[in-house]
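Following: one structure in structure tokens, then a few remarks.
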Amino acid sequence: AGLARVLAACFGAPPGPPQPQPPRYPQPLSAGLPGTWPQAGHQHSQEVLFFPDDKMPCYRFLKGQHCSRRGCAYAHRPTSLSRLLAELGAARRSLDVCVFSITCHEICQALEEAHARGVPVRVITDDRQEEATGSKVGRLQAAGIPVVNDSDFASHMHHKFAVVDGAVTLNGSFNWTRSAVLSNRENIVVSRDPRLAAAFQQEFHKMWRHYGGR
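So the mapping is simple: the numbering used here equals the position in the sequence shown, first residue as 1, plus 13.
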């Protein structure tokens, strides 16, 4: 013990066990919109849309019009849903949709508008969800949009993706429902990577043929 005291006085106390360091988490990137993550400066841009939104978008705002309603309860700024609708609205050559559940009026309207301006729109969905309360599938079919389902009661067609013009992929946890917009923690990745779009397009074509699409 005496020798230890002498050595400590001459050379200092021996080092103790290493102290744990606090974790260093990545810092969030600044984003143009609440709930989005843009990836800038890359060859193939990507964006993530996060839900829920706090409000549904105002119809007039979506159309680029001024809303004159006093106390309008809808959003008059970009939201994750309005970004999704903008991507669907940008379709010019094709719009292939493969989504488990479709009940959101605004999204259904975006598909109808694409079809009305001559864009070939195709939809694959789940057979049980097609018949669920609030499903917009019948409305899409009535508008002339071809729809097929998995016709398999024992399992689900559980994808949630779309391919716009064979070039833009929309994929994530997000079902196309109002509850997913306003209540659930959801995400959609918006990717312009042509390799990713080609992979999803190939899967869509395979499923379309398998389920009897024409």
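All C-beta atoms in this analysis are idealised placements derived from N, C-alpha and C, irrespective of residue type, glycine included.
Runs of beta strand (DSSP E) lying entirely within the region 64 to 134, each at least 3 residues, in chain order: Unbroken beta strand (DSSP E) runs of no fewer than 3 residues, entirely contained in the region 64 to 134, are found at 108 to 112, following chain order.
Reduced DSSP secondary structure (H/G/I, E/B, other) of Gly1: For residue 1 there is no data in the structure shown, the boundaries of the chain being 14 and 227.
Separation of Asn197 from Ala44, as counted between CA atoms: For the purposes of this step, residue 44 is taken as residue 31 along the sequence shown, with counting starting at 1. For the purposes of this step, residue 197 is taken as residue 184 along the sequence shown, with counting starting at 1. Residue placement at Ala44 is poorly supported in this model, since its pLDDT is 48, which falls under 50; the coordinates are not used for a value here.
Local conformation of Glu216 per DSSP, three classes: For the purposes of this step, residue 216 is taken as the residue at position 203 of the sequence shown. Looking at Glu216 - three-state DSSP - the assignment turns out to be helix.
Outcome for Glu144 when other beta-carbon atoms lying within 10 angstroms are tallied against a minimum of 16: Position 131 of the sequence shown holds residue 144. That one is exposed.
Whole-Å CB distance - Ile115 paired with Ser164, under 8 angstroms assumed: Looking up residue 115 in the sequence shown gives position 102. Looking up residue 164 in the sequence shown gives position 151. The beta-carbon distance between Ile115 and Ser164, rounded to whole angstroms, is 17 angstroms. This is too long to meet the 8 angstroms contact definition.
Option in Phe213, Glu126, Cys71 with minimal Cα separation from Tyr86: As a first step, residue 86 must be located in the sequence shown, where it is residue number 73. For clarity, residue 86 is Ala in the given sequence; the question names Tyr instead. That would be Cys71, whose Cα lies nearest to the Cα of Ala86.
The region 128 to 139 contacting the region 100 to 109, beta-carbon criterion three pairs below 8 angstroms: Verdict: yes, contact present.
8 angstroms Cβ cutoff met for Val181 and Phe217: Here residue 181 refers to the residue found at position 168 of the sequence shown. Here residue 217 refers to the residue found at position 204 of the sequence shown. For Val181 and Phe217, no; Cβs fall outside 8 angstroms.
Simplified DSSP state of Glu144, which is helix, strand or coil: In the sequence shown, counting from the first residue as 1, residue 144 sits at position 131. For Glu144, the secondary structure class from DSSP, reduced to helix, strand or coil, is coil.
Asp109, buried or exposed, once every other Cβ within 10 Å from all chains shown has been counted against 16: As a working mapping, residue 109 is identified with position 96 in the sequence shown. Answer is buried; the Cβ neighbour count reaches 16.
Alpha-carbon to alpha-carbon, Arg191 and Ile158: Numbered from its first residue, the sequence shown carries residue 158 at position 145. Numbered from its first residue, the sequence shown carries residue 191 at position 178. If I take the Cα positions, the gap works out to 21 angstroms.
Chain B contact for Val136 (CB, 8 angstroms cutoff): Here there is only one protein chain, and chain B is not present.
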